[in-house]
Each structure stands twice: as C-alpha cells, then as structure tokens.
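Working notes, beginning with the structure itself.
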Amino acid sequence: MPPWTSWKAWRMADAGKAIAPPGKLHVSRVRWSSRRVLHRIHHEDYPGDVFNPGIRGNARFSPIKDAAGALIPTLYAGDSFECAAMETVFHDVPYVAGFKSYDKTKLTGQTYSQLQAGHDLLLADLSSKALRKLGVRRDQLIDTEKDQYPTTRQWAEAIHAQDPDIQGLCWTSRQDDSAKAIVLFGDRIPAGELTPVSKSIGVIADPAHYGALLALAEHIGVLIVPGKA
Numbered sequence: 471m472p473p474w475t476s477w478k479a480w481r482m483a484d485a486g487k488a489i490a491p492p493g494k495l496h497v498s499r500v501r502w503s504s505r506r507v508l509h510r511i512h513h514e515d516y517p518g519d520v521f522n523p524g525i526r527g528n529a530r531f532s533p534i535k536d537a538a539g540a541l542i543p544t545l546y547a548g549d550s551f552e553c554a555a556m557e558t559v560f561h562d563v564p565y566v567a568g569f570k571s572y573d574k575t576k577l578t579g580q581t582y583s584q585l586q587a588g589h590d591l592l593l594a595d596l597s598s599k600a601l602r603k604l605g606v607r608r609d610q611l612i613d614t615e616k617d618q619y620p621t622t623r624q625w626a627e628a629i630h631a632q633d634p635d636i637q638g639l640c641w642t643s644r645q646d647d648s649a650k651a652i653v654l655f656g657d658r659i660p661a662g663e664l665t666p667v668s669k670s671i672g673v674i675a676d677p678a679h680y681g682a683l684l685a686l687a688e689h690i691g692v693l694i695v696p697g698k699a
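Each residue of the sequence shown is one higher than the last, beginning at 471 in this note's numbering.
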C-alpha cells in the first residue's frame, strides 16, 4: 500500500477527534483593536458586558478553570451580527439540504449587544496558520463536535495557564467562516474595560435586526415559523 494511502486512511479516521494540548504551547498572538466592535447575542437576563461566571454551560472553550482550580468567567463575541447569530441562535442548525424549520419562540429573550474595549485586546491566535505552529489541526480544535468539548476546553485552560498576558482566544468562526469569533477571559479584562456601543435590543423586537436575522435564515436554508407560546 502506498504511504500516502495509509496516511489518508489514518487522517480520515482521526478527523474531528480533539487532541489534548502538549506541555509547551507555541502560541501566536493577535491584537483585537479597540476600534473593532464586539457583537453578541445573549439572553436578556444578563447585560451585554457581563461575563458568564462559568458555573454552567457546555461550549468549545468554556466553562474553564485557572491553574488554581478557580472558575474563569468568559464572554463570547463575533466581529459581525451574522457571526453572533450563527454562533448562538443558529448554532445547531443541521447540514441538511433545503429549508429547515426553526421555532420562533426560541428567539424570545435573545438580545443583541455591541461592545468596544477601552484598549486593544491581546488574544491567542487560533487561525489556520497559527494552528500549524501550535501543532493542532483545525478539525482537532475548532471543527469538532460537542462530544469533544471537554478536550478542546483543555486548550483554553492551558493557554490561560501558560501565558498570563493573553486575554482570550480568537479564531475563524466554524459557523460563519467569513468572520472571527472570540472568547475573553474575565479575569484578564479589567472592570469597565468593555462598554456598550449602543443600547442592547431584542433580536425580534427591532425590525432592522429581525430583518437581518430573516435574511441570514434564508441564506442558510432556515424557515422561522411560529411555535408554541
């Protein structure tokens, strides 16, 4: 069997399975400009600039703990409204041809916020080029399914523990590959560093943003339908 054939078979079998981080991480850094807006969609029970305390949840890079075992608050955001929507309300839309129904009641309480940092943010770069230096493939860290999250969270914890100057992670969004997604470490972001650009507003309460959501839904083959109240 040619060497490339056996490598290809191994590569296919290994695809989508996360790997644990090594002891030494070769982390690349990227700056998120203070002029660059952070876009979030979150539940209305929490203000847009409030970090998730990390008590509950199951995300790619949270909940996580520091080297002493304390929970690290986190805040997810994207560089556009579409990215924020794809990473939250449309995160679990399946890859199925044609239109998929989406219950409109799931949007109740979902709020859109825009934030800016008072200073540039220093983030670990998890883009494809930086991942080569880090020694992990995108399909082993960014493109894995939920069952691999316990392992992908280890990378966030390892980066946080090794590099005290890093304030979060930045990667090309899995859900919207035209955009960047980030997660910030709450213990590395000073109080008051993030400020609202405008008043937070419900995604279905504002005609402009709901219209943008409907346009995005059509693009990905989703039909938003009335659900049970």
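All residues carry an ideal CB built from backbone N, CA and C; glycine is no exception.
Nearest-angstrom Cβ-Cβ length linking Asp536 and Asp657, presumed shorter than 8 angstroms: Contact holds; Cβ gap of about 7 angstroms.
If I follow the unbroken alpha helix (DSSP H) through Ile629, where does it start and stop? Looking at the DSSP string, the run of the alpha helix (DSSP H) that includes Ile629 is Tyr619 to Gln632.
Ile659 and Leu545 closer than 9 angstroms at C-beta: Closer than 9 angstroms, so yes.
Run through the DSSP bridge pairs and tell me what Asp609 is partnered with. According to DSSP, which records beta bridges pairwise, Asp609 is partnered with nothing at all.
Can you grab the Cα-Cα spacing for the pair Val653 / His512, in whole Å? Each residue's alpha carbon lies about 14 angstroms from the other.
Check the C-beta distance from Ile629 over to Leu495 and give it rounded, since I have them as a contact under 8 angstroms. In this structure, Ile629 and Leu495 form a Cβ contact; the two beta carbons are roughly 6 angstroms apart against a cut-off of 8 angstroms.
Look at the Cβ atom of Gln580, then the Cβ atom of Ser668, and state whether they are nearer than 9 angstroms. No, the Cβ-Cβ distance between Gln580 and Ser668 is not below 9 angstroms.
Taking the alpha carbon of Tyr619 as the point to measure from, which residue in Ile534, Asp635 and Arg530 has its own alpha carbon closest? With distances taken between Cα atoms, Tyr619 lies closest to Arg530.
If you pair each beta-carbon of the stretch 519-527 with each one of the stretch 631-644, do three or more pairs fall below 8 angstroms? The stretch 519-527 and the stretch 631-644 do not touch, with fewer than 3 CB-CB distances between them shorter than 8 angstroms.
Specify the secondary structure class of Asp573 as computed by DSSP and reduced to three states. Of the three classes helix, strand and coil, the one that applies to Asp573 here is strand, per DSSP.
Where does the unbroken alpha helix (DSSP H) through Arg530 begin, and where does it stop? Secondary structure note for Arg530: it is in no alpha helix (DSSP H), with a DSSP letter that is neither H nor E.
Taking DSSP as the reference, what is the three-state secondary structure of Met482? Residue placement at Met482 is flagged as unreliable, the pLDDT there being 49, under the threshold of 50; a coordinate-derived value is accordingly withheld.
Return the chain-ordered list of same chain residues with a C-beta closer than 7 angstroms to the C-beta of Trp625, the five sequence neighbours on each side being excluded. Taken in chain order, the residues that qualify are Pro491 and Leu611.
When we look at the beta-carbon of Val559 and count the other beta-carbons within 10 Å, is it buried (16 or more) or exposed? Val559 is buried by the Cβ-count criterion.
Tell me which residue opens and which closes the beta strand (DSSP E) that Lys650 is part of. Start and end: Lys650 to Phe655.
Need the endpoints of the beta strand (DSSP E) that Leu545 sits in, please. Where Leu545 is concerned, the enclosing beta strand (DSSP E) stretches over Thr544 to Gly548.
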